[in-house]
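Residues in the sequence shown are numbered consecutively from 7, following my numbering.
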Amino acid sequence: MQRVTLKNLPMPLEKTDKWKKEHPDENTIKSIMSRKGPISRNSLPPYGIDPIQAEGRLPWILTVPKEPYYEGVEEARQYLPISLRTLQRLIDLRRINPDKPVDLPVLCNTKLFSIQPDQRQFGLQLTDEGADLFSTPINLEIQWVASELAIAAIERCGGVLTTRYFDPISLSALVDAKKFFERGEPIPRCDTPPINAIEYYTDPKQRGYLANPDLIREERQRLAQKYGYKLPDSSKLSPLFHLRKDPRQIFYGLEPGWLINLKDQTILKPTDNKYQTFYHS
């Protein structure tokens, strides 16, 4: 039995603090957790891993549910809108000549459309605004069509519409043709459409440039019956409406591989069979 001393006797009316549990020290933390890993070695964990959950757990980026906000953004293509009302107004103001084929260089020369291929812009999109006002037969080449009403408005007047794809390298030459010719570079050949655009440009309903011409004629008749107008006789059409580009061609009258000399006003054509095969294959 312990001997009673002054040290053992409590002081009268003395208030003793309750015992407080202290935080575990570093050794206790290491004993609870692992002795290996980024925390024990005082180093940062890999990116995307919470330091508290670094001991054999999943990164926080995998625990959050997936939200595909930007799914397929690297394959998305933008098209600047051009309405039928704007197109008719440009014809009335004589900024566009309807007696010649109307394609992307002609529309860009009006200085109303600024296409930036480096910003994933792949041309112009024809909208049906002002479809009841359009009244000029033209041979139009456009990159995208918003609705079949826009196609019907062109063909009702006796015109022809073609949807055409251009890759970014070809677009840079088409947007500003004069600037491109001043570089002294040969005309590039147009690349084929990507996988997610082949179905559109081979569809006769969209008047794709890779579609079967016989199926396009059938779709023209079907659309005329649907909207109640009569198509003109194809044999009596002007040669203007029979002009088409080759799938590898980007300029009317100019072949891929040709080099345009604006100073001497001459055209240099490749003579090597290897280059001719490359630009037309």
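Using N, Cα and C, we set each Cβ at its ideal position, and we do this for glycine too.
- Using DSSP with H/G/I as helix, E/B as strand and the rest coil, what is F172? coil
- Query: Any chance the region 232 to 250 sits against the region 260 to 267, with 3 or more Cβ pairs inside 8 Å?
  - Reply: no
- Spatial neighbours of P199 in its chain, beta-carbon cut-off 6 Å, leaving aside the 5 residues before and after: Y171 and Y207
- Query: Between the C-alpha atoms of P111 and K117, what's the straight-line distance to the nearest angstrom?
  - Reply: So the two alpha carbons sit approximately 10 Å from each other.
- Message: Taking contact to mean 3 or more Cβ pairs, one atom from each stretch, closer than 8 Å, check whether the region 171 to 182 and the region 126 to 146 are in contact.
- Response: Counting Cβ pairs under 8 Å, three or more are found: they touch.
- Cα-Cα separation between N145 and T277, rounded to whole angstroms: 33 Å
- Nearest neighbour of E191, chosen from L268, D105 and L93 [CA to CA]: L268
- Identify the residues that DSSP records as bridge partners of S89: which are they? Answer is T133.
- Message: Once the 5 residues before and after R162 are set aside, which same chain residues still bring their CB inside 6 Å of it?
- Response: Y235
- Report the residue from L96, L90 and Q282 whose alpha carbon sits nearest the alpha carbon of I193. Q282
- Message: Quick check on DSSP: helix, strand or coil for L260?
- Response: Reduced to three states, the DSSP call for L260 is strand.
- Message: Less than 6 Å between C-beta atoms, sequence neighbours within five positions excluded: which residues of the same chain meet that for Q122?
- Response: The beta carbon of Q122 sits closer than 6 Å to none of the beta carbons in its chain outside the five residues before and after it.
- Query: Going along the chain, which unbroken runs of the alpha helix (DSSP H) with 4 or more residues stay wholly within the region 163 to 247?
  - Reply: Qualifying alpha helix (DSSP H) stretches, in chain order: 174 to 181, 183 to 188, 201 to 207 and 219 to 233.
- In terms of residues, what are the limits of the beta strand (DSSP E) holding N267? L265 to N267
- Task: Following the continuous alpha helix (DSSP H) through L110, name the residue where it begins and the one where it ends.
- Result: L110 to C114
- According to the Cβ coordinates, are D134 and L113 closer than 9 Å? no
- Item | Contact under 9 Å by Cβ, P210 with A203 | no
- Item | Of the listed residues D105, E205, Q212 and I266, nearest to K184 (C-alpha basis) | I266
- Query: Who pairs with T272 in a beta bridge, going by DSSP?
  - Reply: N267
- Task: Take the Cβ of L139 as the centre, count every other Cβ of all protein chains shown within 10 Å, and call the residue buried at 16 or more, exposed below.
- Result: exposed
- Message: Just to confirm my understanding: we take N279, look at its own chain, exclude 5 residues before and 5 after, and list those with CB closer than 7 Å. What are they?
- Response: So no residue of the chain qualifies.
- Inter-residue Cα distance where the pair is P107 and Y76: 38 Å
- Task: Compute the Euclidean distance between the alpha carbons of G78 and I160, then round it to the nearest angstrom.
- Result: 33 Å
- Where V151 sits in the DSSP three-state scheme: Strand at V151.
- Query: Which of helix, strand or coil does DSSP assign to K26?
  - Reply: Note that K26 scores 49 on pLDDT, short of 50, meaning its location in the model is unreliable; the coordinates nonetheless yield the value given after this. Three-state DSSP puts K26 in coil, outside helix and strand.
- Among E188, Q94 and Q227, nearest to T142 - alpha-carbon criterion: Q94
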